[in-house]
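A.B. asks: Would you mind keeping the following structure in view while I ask a few things?
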Amino acid sequence: MMRNSSNHLSILIVDDETEACRNLKNLLLTFVDPCLHIDMAHNTQEAGLLIDSLRPDAVFLDIDMPGENAFSFLERIPIPDFEIVFVTAYDEYAIRAFRLNAIDYLLKPVNIQELTDAVKKLRERVSYKQLPDKNRQQYSELAKQATPGARQHQIILKDKNRWEVVDFRDILYVEAQTSYSRIYFLKRGAAEHIMMSHSIATYEELLPAALFYRIHKSYLVNCLHLKQIEIADAPMVVIHESFRLPIGRRRYTGFRSFLQMNSFADE
8 MMRNSSNHLS ILIVDDETEA CRNLKNLLLT FVDPCLHIDM AHNTQEAGLL IDSLRPDAVF
68 LDIDMPGENA FSFLERIPIP DFEIVFVTAY DEYAIRAFRL NAIDYLLKPV NIQELTDAVK
128 KLRERVSYKQ LPDKNRQQYS ELAKQATPGA RQHQIILKDK NRWEVVDFRD ILYVEAQTSY
188 SRIYFLKRGA AEHIMMSHSI ATYEELLPAA LFYRIHKSYL VNCLHLKQIE IADAPMVVIH
248 ESFRLPIGRR RYTGFRSFLQ MNSFADE
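Here it is, written out as structure tokens:
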């Protein structure tokens with residue numbers, strides 16, 4: 008099976024447990040899309056050979072496998088020509104997986120809705136790859152702007168329609184949207200936003216702890232843009248010019264201490 012330009016995605020499942028491979032394949036074909044092309048490998052050596060011959064759109068990859076784990080395997084592939092979905096029983100690798108630009112990180116036993124969402128994200132990513140070269144080149148040019156030094160304080164935000172290289176200092180706040188996040192940022196002085204396919208917890212770990220504080224289960228704010236704290240009825244912050252966001256009552260005291268310790272204005 009070779010990669011094709013049809014809407015039928017090709018997927019390689021890699022897991023040392025044969026039954027786990029079969030179960031995931033059954034879930035994908037039964038509950039997500041019966042037209043998916045699915046192959047299976049039970050170790051990274053088999054996976055490497057099948058990736059070379061089949062060129063799948065995505066690899067659904069277990070992490071902890073005998074002989075070689077998923078991260079060591081991926082290190083041997085400098086520029087993977089496939090998307091990655093991690094499927095694992097362990098949650099401690101999520102941040103590392105995100106830094107590899109994985110589409111998703113699914114915990115066993117796999118939830119059907121989360122699996123469906125992962126395939127939806129996969130389709131969006133594959134659709135981008137099929138854009139005309141001149142459109143795809145826009146993203147490549149943006150990526151080049153983030154030099155090795157700049158990448159230490161920049162993030163690339165992208166959705167189906169555009170790509171933005173954003174300095175951490177220009178991010179206003181992150182808003183949780185179930186398993187997604189909406190990121191608000193400044194571009195030429197105006198506020199814009201992009202929906203991203205990672206949870207707010209991921210960005211809480213990724214963004215600088217000296218600038219960003221989780222004031223509420225749904226909001227992670229950049230304190231550089233803090234204009235005011237309102238405490239009349241329920242605690243609120245004003246970010247940038249007019250974004251008013253609630254502060255969780257249990258987080259209020261910690262937030263005030265954070266502002267004082269880091270020399271932010273606290274008025």
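Residues in the sequence shown are numbered from 8 upward in steps of one, following our numbering.
Glycine included, every Cβ here is placed at the ideal spot set by N, Cα and C.
Among Val66, Tyr112, Thr95, Tyr226, which residue has its Cα nearest to the Cα of His205?
C.D. replies: The residue labelled residue 205 in the question sits at position 198 within the sequence shown. Considering only alpha carbons, the answer is Tyr112.
A.B. asks: Using a Cβ cut-off of 8 Å (strictly closer), state whether Gly196 contacts chain D.
C.D. replies: Among the chains of the structure shown, chain D does not appear; only one protein chain is present.
A.B. asks: Under 6 Å Cβ to Cβ from Arg258, same chain only, skipping five residues before and after it: list those, please.
C.D. replies: Locating residue 258 in the sequence shown gives position 251, counting from the first residue. Contacts found: Ile222.
A.B. asks: Alpha carbon to alpha carbon, what distance is there between Arg251 and Ile190?
C.D. replies: For the purposes of this step, residue 190 is taken as residue 183 along the sequence shown, with counting starting at 1. For the purposes of this step, residue 251 is taken as residue 244 along the sequence shown, with counting starting at 1. Ile190 and Arg251: Cα-Cα distance of roughly 15 Å.
A.B. asks: Out of Gly55, Leu61, Arg62, state which residue places its alpha-carbon closest to the alpha-carbon of Asn76.
C.D. replies: Within the sequence shown, numbered from 1, the residue matching residue 76 stands at position 69. The shortest Cα separation from Asn76 among Gly55, Leu61, Arg62 belongs to Gly55.
A.B. asks: Is the CB-CB distance between Ile110 and Val92 below 8 Å?
C.D. replies: Numbered from 1 along the sequence shown, position 103 holds the residue referred to as residue 110. Numbered from 1 along the sequence shown, position 85 holds the residue referred to as residue 92. For Ile110 and Val92, yes; Cβs fall inside 8 Å.
A.B. asks: Could you tell me the boundaries of the alpha helix (DSSP H) in which Ala27 lies?
C.D. replies: Position 20 of the sequence shown holds residue 27. Taken as a continuous stretch (DSSP letters only), the alpha helix (DSSP H) holding Ala27 covers 25-34.
A.B. asks: Are Asn229 and Ile178 close, meaning C-beta to C-beta below 8 Å?
C.D. replies: Residue numbering aside, residue 229 sits at position 222 when the sequence shown is read from its first letter. Residue numbering aside, residue 178 sits at position 171 when the sequence shown is read from its first letter. Taking 8 Å as the Cβ cut-off, Asn229 and Ile178 qualify as a contacting pair.
A.B. asks: Just tell me which of Leu107, Leu122, Phe89 has its CA closest to the CA of Val133.
C.D. replies: Within the sequence shown, the letter at position 126 stands for residue 133. Among Leu107, Leu122, Phe89, the Cα nearest to that of Val133 belongs to Phe89.
A.B. asks: Between Glu53, Leu107, Leu218, Glu26, which has its C-alpha nearest Pro116's C-alpha?
C.D. replies: Locating residue 116 in the sequence shown gives position 109, counting from the first residue. Checked all of Glu53, Leu107, Leu218, Glu26; the closest Cα to Pro116 is Glu26.
A.B. asks: Check Ile70 in the structure and name its three-state DSSP category.
C.D. replies: Your numbering for residue 70 matches position 63 in the sequence shown. Looking at Ile70 - three-state DSSP - the assignment turns out to be coil, as it is neither helix nor strand.
A.B. asks: Let me know if Ala239 comes out buried or exposed under the rule of 16 or more other beta-carbons within 10 Å of its beta-carbon.
C.D. replies: For this step, residue 239 is matched to residue 232 along the sequence shown. Exposed, because fewer than 16 other Cβ atoms sit within 10 Å of the Cβ of Ala239.
A.B. asks: Are the beta-carbon atoms of Tyr220 and Phe265 separated by less than 8 Å?
C.D. replies: Numbered from 1 along the sequence shown, position 213 holds the residue referred to as residue 220. Numbered from 1 along the sequence shown, position 258 holds the residue referred to as residue 265. Result yes, Cβ atoms of Tyr220 and Phe265 sit closer than 8 Å.
A.B. asks: Report the three-state DSSP secondary structure of Tyr61 (helix, strand or coil).
C.D. replies: As a working note, residue 61 is residue 54 in the sequence shown. Just to set this straight, residue 61 is Leu in the shown sequence, not Tyr. Of the three classes helix, strand and coil, the one that applies to Leu61 here is helix, per DSSP.
A.B. asks: At what residues does the alpha helix (DSSP H) containing Ser264 begin and finish?
C.D. replies: Working through the sequence shown from its first residue, we reach residue 264 at position 257. It spans 259-268 - the alpha helix (DSSP H) in which Ser264 sits, taken as one unbroken run.
A.B. asks: Near Leu31, which residues of its chain fall below 6 Å by C-beta distance, leaving aside the five closest residues on each side in sequence?
C.D. replies: Sequence index remark: in the sequence shown, residue 31 carries index 24 (1-based). So the list reads Ile20, once near-sequence residues are dropped.
A.B. asks: Would you call Glu182 buried or exposed, if buried means 16 or more other Cβ atoms sit within 10 Å of its Cβ?
C.D. replies: Indexing the sequence shown from 1 puts residue 182 at position 175. With 16 or more Cβ atoms within 10 Å of its Cβ, Glu182 is classed as buried.
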